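Here's the structure, in structure tokens; my notes come after.
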Amino acid sequence: MRSTPLHPQWLYRDPRMHLPELHALPLAGGILDVGAGNGWLGRRLPRGWHYVAFDHPEVGRNWYGARPDVCGDAAALPFGDASFDAVALLEVVEHLERFDAALSEVDRVLKPGGLVLCSVPFLYPVHDAPRDFQRMTVHGLHHLADRFGWEIHSTRRISPGFQCLAVQFGVAIGSIIVAPDGVGLLRRTLAVVLLPVVPVVNLFCALLSALLPDVLPLAGGHMIVYRKGSRGVAA
Numbered sequence: 003m004r005s006t007p008l009h010p011q012w013l014y015r016d017p018r019m020h021l022p023e024l025h026a027l028p029l030a031g032g033i034l035d036v037g038a039g040n041g042w043l044g045r046r047l048p049r050g051w052h053y054v055a056f057d058h059p060e061v062g063r064n065w066y067g068a069r070p071d072v073c074g075d076a077a078a079l080p081f082g083d084a085s086f087d088a089v090a091l092l093e094v095v096e097h098l099e100r101f102d103a104a105l106s107e108v109d110r111v112l113k114p115g116g117l118v119l120c121s122v123p124f125l126y127p128v129h130d131a132p133r134d135f136q137r138m139t140v141h142g143l144h145h146l147a148d149r150f151g152w153e154i155h156s157t158r159r160i161s162p163g164f165q166c167l168a169v170q171f172g173v174a175i176g177s178i179i180v181a182p183d184g185v186g187l188l189r190r191t192l193a194v195v196l197l198p199v200v201p202v203v204n205l206f207c208a209l210l211s212a213l214l215p216d217v218l219p220l221a222g223g224h225m226i227v228y229r230k231g232s233r234g235v236a237a
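Residue numbers (this note's numbering): 3 to 237.
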């Protein structure tokens, strides 16, 4: 169901996890996955890549029962300078409490010429509360490139235009259904009744995005690949 319009986040989840950006990786190397969760990225890497899963102990291990290779704070990565050929920041930037320090650490452990694979939500509901601290626009992502001396290798919008409206609707319905007691039987029942509407909304919004002019300011999220340059991190 996860890869079909039946899933409430079909138009967000699949584009985020498809990752054509992996084709930008060289033939072999080491990659650090910050906020690795269950380590799904490691199972999609090309052969020849050494994968290191890193996550916050409260979120990765205690909330989701994941078993990362290393637990710690992204603002103080326990790795040496220029240790990795690539760093993945997939749906984790919004959860970084010390955002500036964490990005500086990513720059530090990345080899010159290395890649940063970064995906961020934009028009997407608060999740993993209370550890959801910020949203970034595409302009903010470009600003990071200027600040750290990273080149922009590629950019992609996730659930662009009307598609992000379907994601909002699906998440809203799903959140009511799985909400703790206190929502009220009538409201929960109404949400369950509306659940079959989710695939209709998904398909309708996908069709609108295909037929109508793109609405550039609307996006569920952004995927960007940076390449580290030769100069150091900005002060």
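For each residue, glycine too, the CB sits at the ideal point set by N, CA and C.
Since we're looking at a predicted model, the values are computed, not measured.
Residues of its chain near residue i, where Cβ-Cβ distance is below 6 angstroms and the 5 sequence neighbours each way are ignored
i	result
phenylalanine 171	Val203
asparagine 40	Ala68
glycine 163	Ser211, Asp216, Val217, Leu220
alanine 236	Note that alanine 236 has pLDDT 42, beneath the 50 cutoff, so the model's placement of it is unreliable and the number below is only indicative. The answer, listed in chain order, is Arg149.
leucine 8	Pro201
glycine 116	Asp87, Ala88, Lys230
tryptophan 152	Tyr228, Lys230
arginine 158	Met225
glycine 44	Tyr53
Contacts around residue i, its chain only, beta-carbon distance under 7 angstroms, and the 5 residues preceding and following it disregarded
i	result
proline 134	Reading off the sequence shown, one finds aspartate at residue 134, where the question assumed proline. Glu96, His97, Val128.
leucine 209	none
serine 5	Asp16
Euclidean distance between Cα positions of residue i and residue j
i	j	result
valine 140	phenylalanine 124	9 angstroms
proline 219	arginine 46	31 angstroms
valine 194	valine 169	17 angstroms
glycine 82	valine 111	6 angstroms
glycine 176	leucine 197	8 angstroms
histidine 224	valine 122	5 angstroms
valine 200	glycine 142	32 angstroms
leucine 187	leucine 91	39 angstroms
leucine 227	threonine 191	Residue identity check: residue 227 is valine in the sequence provided, not leucine. Near 43 angstroms, if we compare the C-alpha coordinates of threonine 191 and valine 227.
arginine 137	leucine 146	14 angstroms
aspartate 109	phenylalanine 150	7 angstroms
serine 85	alanine 30	14 angstroms
leucine 213	leucine 167	16 angstroms
proline 238	methionine 3	The displayed coordinates of the chain run from 3 to 237. Any statement about residue 238 would go beyond what the structure contains.
tyrosine 126	proline 70	26 angstroms
Start-to-end residues for the beta strand (DSSP E) that takes in residue i
i	result
threonine 157	152-162
glycine 31	31-36
phenylalanine 171	Where phenylalanine 171 is concerned, there is no enclosing beta strand (DSSP E), although the alpha helix (DSSP H) it sits in stretches over 165-180.
leucine 125	No beta strand (DSSP E) holds leucine 125; DSSP gives it neither H nor E.
valine 54	51-57
alanine 90	86-92
Beta-carbon proximity of residue i to residue j, cut-off 8 angstroms
i	j	result
alanine 104	alanine 76	yes
glycine 32	aspartate 57	no
aspartate 87	lysine 113	yes
arginine 229	histidine 155	yes
glutamate 93	arginine 18	yes
glycine 27	tryptophan 42	Looking at the sequence itself, residue 27 is leucine, so the reference to glycine does not match. It is not a contact, given that the beta carbons lie outside the stated cut-off.
proline 80	valine 89	no
glycine 67	isoleucine 160	no
valine 165	cysteine 120	For the record, residue 165 in the displayed sequence is glutamine; it is not valine. Their beta carbons are not under 8 angstroms apart, which means glutamine 165 does not touch cysteine 120 by this criterion.
valine 173	proline 10	yes
tyrosine 53	aspartate 35	yes
proline 48	leucine 21	no
Bounding residues of the alpha helix (DSSP H) (the contiguous stretch that carries residue i)
i	result
tyrosine 228	Looking at the DSSP string, tyrosine 228 is not in any alpha helix (DSSP H); the run it does join, the beta strand (DSSP E), is 221-230.
aspartate 2	In this structure the chain extends from 3 to 237, so residue 2 is not present and cannot be described.
tyrosine 14	12-20
phenylalanine 206	199-213
leucine 192	187-196
Near the ligand SAM: residue i beta-carbon under 7 angstroms from a heavy atom
i	result
tryptophan 42	The model depicted lacks the ligand SAM and carries no ligand whatsoever.
Sequence-distant residues of its chain with Cβ nearer than 8 angstroms to residue i (five each side left out)
i	result
alanine 78	Ala103, Glu107
isoleucine 179	Arg190, Ala193, Val194, Leu197
proline 59	Cys73, Gly74
histidine 144	Ile154
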